[in-house]
Amino acid sequence: MAQNTPTQPALNWTIVGQGAIGALAACHLKQAGYPLSLWLRQPRPLQIHFAGQQWEFSPSDSAIDAVLIPVKSYALLDAVHQLLPHLSAHAQIVLSHNGMGTIDAVLPLLQPGQGLWFLTTTHGALKQGASLQHTGKGQSVLAALNRAAAPYCQAVLQAMNAALGPVTLTEDITPFLWQKLAINAAINPLTALYNCRNGELRQTQFQSTLAAVLQEVCQVASACGVALDEAQLQLKLQQVLSATAENYSSMQQDIAHKRRTEIDAITGYVVRQAARFAIAVPHNSALLEQVLQLQLKLQS
Ligand code: PAF
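Under this note's numbering, residue 358 is the last one in the sequence shown; the count climbs by one each step, no gaps.
Right, dumping it as structure tokens:
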């Protein structure tokens, strides 16, 4: 059963959307005994089949005091605007998505007592209809992004450990977001363009592009004040490709299902930051262009 210390108010959690990572967090929180609701665009009960059991979720029907928003980066601001009138004055809001560039847009929308957090995760999940699989056991990094988050640190950390643990708490999420951005900028566009599993990028033909993409991201991160260890990132990339070799990346899946991709918040973010510092990023620019073209073609 979920427990909170007497100094930390108990939080009723809401999870937004019905994506795979949100569903995984929801099932894990239910397993751990947390009271939990789902927030869907069209409010309705939802069933998820996970770990040999059927999990039932009902729509949120009271003021929200803690919410995990694991929606796509491009859907985040809409989701936040929809949630705002339903958030309690001290609500704790946890963002979690691929890509960067959303935090500065969300912070000014909150009341002074509402806490903002970011959780970046390497867990992998696959949702096919009502059936959910935990395809990659990962870990997460969590950070408070404003002062109103501080009093709820223990309660939020505990819940996120149950949802997508093990969780490391950090003071500064920015280097972790850049590392994830670099890995996503390397894997996601290529798997989408070549319609392949992550593991196929281990072939020799992709190595120079992968290395060049990472090198460009490191250069841009450095201009933005974040020192990434390029050699370590190249190693990390190969580890992720091996650990998720059988998986399809989120962008490959988006393209395969003719959905909008997160290219704008991943490669688009790299290219926009590069432009601010007049840094040439030809490999990321080319991938951005190709994925945008493919996305446009599939949606027309
Ligand atoms: O977006 C994804 O699919 C994942 O973040 C990653 C790490 C590329 C693994 O598939």
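Built from N, CA and C at the ideal position, the CB exists for glycine as well.
Residue i: first and last residue of the uninterrupted alpha helix (DSSP H) it sits in
| i | result |
| --- | --- |
| I245 | 232-251 |
| F264 | 262-281 |
| E258 | No alpha helix (DSSP H) holds E258; DSSP gives it neither H nor E. |
| Q311 | 308-314 |
| L360 | Outside the displayed span of the chain (59 to 358) sits residue 360, for which this structure offers no information. |
Other residues of its chain near residue i: CB distance less than 8 Å, five sequence neighbours each side excluded
| i | result |
| --- | --- |
| A314 | N253, Y306 |
| T249 | R255, N256, E258, L259, Y306, S307, M309, Q310 |
| V298 | T180, I241, I245, N256 |
Extent of the continuous beta strand (DSSP E) run through residue i
| i | result |
| --- | --- |
| V123 | Note that residue 123 corresponds to Asp in the displayed sequence, not to Val. Run containing D123: 122-127, per the beta strand (DSSP E) assignment. |
| I73 | 71-74 |
| S154 | Careful: S154 lies outside any beta strand (DSSP E) and carries neither H nor E. |
| L141 | Note, L141: premise wrong, no beta strand (DSSP E); alpha helix (DSSP H) at 134-141. |
| E114 | 111-115 |
Residue i beta carbon near ligand 1 (any heavy atom closer than 6 Å)
| i | result |
| --- | --- |
| I324 | no |
| S308 | yes |
| T302 | yes |
| I337 | no |
| I245 | yes |
| N253 | no |
| N219 | no |
| N342 | no |
| W156 | Residue identity check: residue 156 is Asn in the sequence provided, not Trp. Yes, Cβ of N156 sits closer than 6 Å to a heavy atom of ligand 1. |
| N70 | no |
| N305 | yes |
CB contact check: residue i to chain C, cutoff 7 Å
| i | result |
| --- | --- |
| L354 | Annotation note: the requested chain C is absent from the structure, which comprises a single protein chain. |
Environment of residue i [buried if 16+ CB atoms lie within 10 Å]
| i | result |
| --- | --- |
| H139 | exposed |
| G326 | buried |
| C282 | exposed |
| E274 | buried |
| G171 | exposed |
| Q105 | exposed |
| P224 | exposed |
| A279 | buried |
| D287 | exposed |
| P128 | buried |
Residue i Cβ short of 6 Å to ligand 3 heavy atom set
| i | result |
| --- | --- |
| N256 | Among the ligands in the structure shown, ligand 3 does not appear; only ligand 1 can be found there. |
Contacting residues, own chain, Cβ-Cβ under 6 Å from residue i (five flanking each side not counted)
| i | result |
| --- | --- |
| T72 | S95, W97, S118, I122, V125 |
| Q353 | T319 |
| I231 | F176, A201 |
| V199 | T178, T226, T228, F234 |
Nonlocal neighbours in the same chain, by C-beta distance under 7 Å from residue i, ignoring five residues either side
| i | result |
| --- | --- |
| N246 | S307, S308, M309, I324 |
| Q292 | A269, L272 |
| L251 | Q348, V349, L352 |
Exercise for the section: Ignoring anything shorter than 3 residues or poking outside the region 178-204, list the beta strand (DSSP E) runs there in chain order. Expected result: Segments of the beta strand (DSSP E) lying fully in the region 178-204: 182-186, 189-194, 198-202.
Handout entry: Segments of 4+ residues assigned as alpha helix (DSSP H) that fall wholly inside the region 308-354
Key = 308-314, 325-334
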